[in-house]
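Undergrad: Residue 2 is where the sequence shown starts when you use the numbering used here, and the numbers rise one by one after that.
All C-beta atoms in this analysis are idealised placements derived from N, C-alpha and C, irrespective of residue type, glycine included.
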Amino acid sequence: MTQRTVFVLGASGLIGRFVTDDLRVRGFRVVGIARSLSPAQKMSALDIEQPILSLDVAALMRLFREHAVDVVVNCLGVLQDGPGSDTSAVHRDFVARLLQAIADSGRAIRLVHISIPGTAEADRTAFATTKREAERLIAASGIPHAVLRPGFVVAPSAYGGSAMLRALAAFPLDLPQKEMSTPFQSVAVEDISATIAWLAARDIDDASVKAVTWDLMQAEPVTMAGVIHAFGTAGWPRLAMPSFMLDLGAKIGDLANYLGWMPPMRSTAIAELRRGVTGDPSAWIAATGIAPKTLTETIGRHPATIQDKWFARLFLIKALIFASLAAFWLVSGFIALFISYHAAAGILSVHNFPPALVDPITIGTSLMDMSIGALIAFRRTAAIGLVAGIVASLGYMVGAGILTPDLWIEPLGALVKTGPAIVLMLVALLMLDNR
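Next comes the structure, spelled out in structure tokens:
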């Protein structure tokens, strides 16, 4: 059999990255496509950055022909609408163009599409309904395809919901009892990749896999509590949060979503969590012969290292760090400009600043502080805001040391406290990456 070429869309994500790397180890020629790839993900000349969602049918056809593609694996997905994220555009509209491109490419291509478990009757979110619309488009296309519906994916790396559950496991805090008892069948990412490899090795004319839809998950039932406790916290004294805190966290996550952040705790995530993750993997197991790993087996293969523990403990704190820094700069600038303006200007006057410079400097520094806070609040500009905050803080410390050295021994230690604030901004800068 000649080497087959697999085209992975979304090669920077949790599933897409693992599948890209694993299939290469298995001997497939894999072209990994993503909107952006981290330096660590650019492992090959076939790891390509492309604005995927802007590709039209003709552009997709050219890629399929240029790379002699045999299998397309679509791992693209977004959780919720927001700046730069449109569930309909990603899950439905792009899939429609993808199907057209495969049909018109003149090549015999199998589509492997990553979807979600559950039934259409239980779909309540735009995420779920658009995923289901894509499944219907694929079923009606007549193209050889496999729709894979993985359960809760457990992988060596963590992102989104899997990162949130690891973080919950690291704290003595449980979700409300109702959510903890939700069924939550898991699947090892290795089993997803093994399934795709099995499909990629099959002949395109194999009638047994011409059009299949499989649930990929362990057969044994497990609950959300079982998933969290499996990460090593069983037996710890734990406190269940009230439901209103979970709903409040989702609303705060939605607000952060509109600022360009992608927190795992958003209204869509909570709605899907409450629905649970269930399915029937028997057809998948019978067809492929793959024995799905249980949650305990999967986690046992990757015991927590110190890196995992640090990540889990800091994951939920990350949002608090950025929120507090944005608030710090916004509030301090607001107070100096609108509430304690005379006191702020008085510091300069007492130290014999030229009267003509007192108001411009007071107003300018206050506006600068508020601008830094606004920059940190938005994901796209957060790095700029953090660097600006560090530079401004160092400037305040140096300027005060030269012009107003007595402020260093001020009883409340305002300037002394600037040092730890700089360190916190540096920590935030180093934690900015999501993957």
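Could you give the uninterrupted runs of the beta strand (DSSP E) lying entirely in the region 206-251, keeping only those of 3 residues or more?
TA: Correct list: 212-217.
Undergrad: Give the range of the alpha helix (DSSP H) segment to which F185 is assigned.
TA: As a working note, residue 185 is residue 184 in the sequence shown. Where F185 is concerned, there is no enclosing alpha helix (DSSP H), given that its DSSP letter is neither H nor E.
Undergrad: With a threshold of 8 Å, are at least 3 pairs of Cβ atoms found where one atom belongs to the region 328-341 and the other to the region 363-377?
TA: Contact between the region 328-341 and the region 363-377 is present, because at least three Cβ pairs lie under 8 Å.
Undergrad: Measuring alpha carbon to alpha carbon, tell me which residue in V428, G254, A357, K310 is nearest A384.
TA: The residue given as residue 384 occupies position 383 in the sequence shown. Checking every option, the nearest Cα to that of A384 belongs to V428.
Undergrad: For I253 and F245, what's the separation of their Cα atoms in angstroms?
TA: As a position in the sequence shown, residue 253 is number 252, starting the count at 1. As a position in the sequence shown, residue 245 is number 244, starting the count at 1. I253 and F245: Cα-Cα distance of roughly 12 Å.
Undergrad: Should F8 and I49 be called a contact, given that it needs their Cβ atoms to be closer than 8 Å?
TA: Here residue 8 refers to the residue found at position 7 when the sequence shown is read from its first residue. Here residue 49 refers to the residue found at position 48 when the sequence shown is read from its first residue. No. Outside cutoff.
Undergrad: Would you say A241 reaches chain B, if we count a Cβ-Cβ gap shorter than 8 Å as a contact?
TA: Structure shown: chain B not included; a single protein chain is present.
Undergrad: If distances are taken between C-alpha atoms only, which option among G420, A287, I16 comes closest to V113?
TA: Residue numbering aside, residue 113 sits at position 112 when the sequence shown is read from its first letter. The shortest Cα separation from V113 among G420, A287, I16 belongs to I16.
Undergrad: In terms of residues, what are the limits of the beta strand (DSSP E) holding V79?
TA: Here residue 79 is taken as the residue at index 78 of the sequence shown, counted from 1. No beta strand (DSSP E) holds V79; DSSP gives it neither H nor E.
Undergrad: Mind checking L10: buried by the 16 CB within 10 Å criterion, or exposed?
TA: Your numbering for residue 10 matches position 9 in the sequence shown. The residue is buried, with at least 16 neighbouring Cβ atoms inside 10 Å.
Undergrad: Report the start-end ranges of each beta strand (DSSP E) in the region 11-61 that is 3 residues or longer and not cut off at the edges.
TA: DSSP runs (the beta strand (DSSP E)) wholly in the region 11-61: 30-35, 48-50.
Undergrad: Look at the alpha carbon of D360 and the alpha carbon of A337, and state the distance between them as a whole number of angstroms.
TA: Here residue 360 refers to the residue found at position 359 of the sequence shown. Here residue 337 refers to the residue found at position 336 of the sequence shown. Each residue's Cα considered, the two are about 11 Å apart.
Undergrad: Which ranges would you report for the alpha helix (DSSP H) in the region 81-122 if only whole runs of at least 4 residues count?
TA: The region 81-122 contains these whole alpha helix (DSSP H) runs: 95-105.
Undergrad: Buried or exposed for D175, please, with buried defined as at least 16 other CB atoms from any protein chain shown within 10 angstroms of its CB.
TA: Position 174 of the sequence shown holds residue 175. Counting Cβ neighbours within 10 Å, D175 comes out buried, since at least 16 surround it.
Undergrad: Along the beta strand (DSSP E) that carries P177, what are the first and last residues, could you check?
TA: Position 176 of the sequence shown, counted from the first residue, corresponds to residue 177. Note, P177: premise wrong, no beta strand (DSSP E); not H, not E.
Undergrad: Spell out the partners DSSP gives H146 in its beta bridges.
TA: Locating residue 146 in the sequence shown gives position 145, counting from the first residue. Paired residue(s): L112, A212.
Undergrad: Distance check for I286 and I205, CA to CA, integer angstroms please.
TA: To locate residue 205, count along the sequence shown from 1; it is residue 204. To locate residue 286, count along the sequence shown from 1; it is residue 285. So the two alpha carbons sit approximately 20 Å from each other.
Undergrad: Can the beta-carbon of P184 be found closer than 8 Å to that of G277?
TA: Looking up residue 184 in the sequence shown gives position 183. Looking up residue 277 in the sequence shown gives position 276. Yes, the pair counts as a contact, with Cβ atoms nearer than the cut-off.
Undergrad: Starting from T6, follow its DSSP beta bridges and name the residues at the other end.
TA: The sequence position of residue 6 within the sequence shown is 5, counting from 1. Per DSSP, R30.
Undergrad: Can you tell me whether I1 is buried or exposed? The criterion is at least 16 other CB atoms within 10 Å of its CB, across all chains shown.
TA: Lying before the first or after the last residue shown, residue 1 is absent from the chain, which here runs from 2 to 436.
Undergrad: Please classify V332: does DSSP put it in a helix, a strand, or coil?
TA: For the purposes of this step, residue 332 is taken as residue 331 along the sequence shown, with counting starting at 1. In the structure shown, V332 sits in a helix (DSSP, three-state: H, G or I).
Undergrad: Report yes or no: do the region 141-156 and the region 210-225 share at least 3 C-beta pairs separated by less than 8 Å?
TA: At 8 Å Cβ cutoff, the stretches touch.
Undergrad: Helix, strand or coil: how does DSSP classify F65 here?
TA: Sequence index remark: in the sequence shown, residue 65 carries index 64 (1-based). Looking at F65 - three-state DSSP - the assignment turns out to be helix.
Undergrad: DSSP three-state call for F316: helix, strand or coil?
TA: Along the sequence shown, read from residue 1 onward, the residue named residue 316 stands at position 315. Note: F316 maps to helix in three-state DSSP.
Undergrad: Can you list, in chain order, the residues of its chain with a C-beta nearer than 8 Å to that of N75? Leave out the 5 residues immediately preceding and following it.
TA: Here residue 75 refers to the residue found at position 74 when the sequence shown is read from its first residue. Closer than 8 Å at Cβ, skipping near neighbours: L10, G11, V96, L99, L112, V113, H114, I115.
Undergrad: So for P264, helix, strand or coil by DSSP?
TA: Reading the sequence shown from its first residue, position 263 is the one you call residue 264. Coil.
Undergrad: Assuming A251 contacts I271 under a Cβ cut-off of 8 Å, what Cβ separation, rounded to an integer in Å, is found between them?
TA: If you number the sequence shown from 1, residue 251 lands on position 250. If you number the sequence shown from 1, residue 271 lands on position 270. With 8 Å as the limit, A251 and I271 qualify as a contact, their Cβ atoms being about 5 Å apart.
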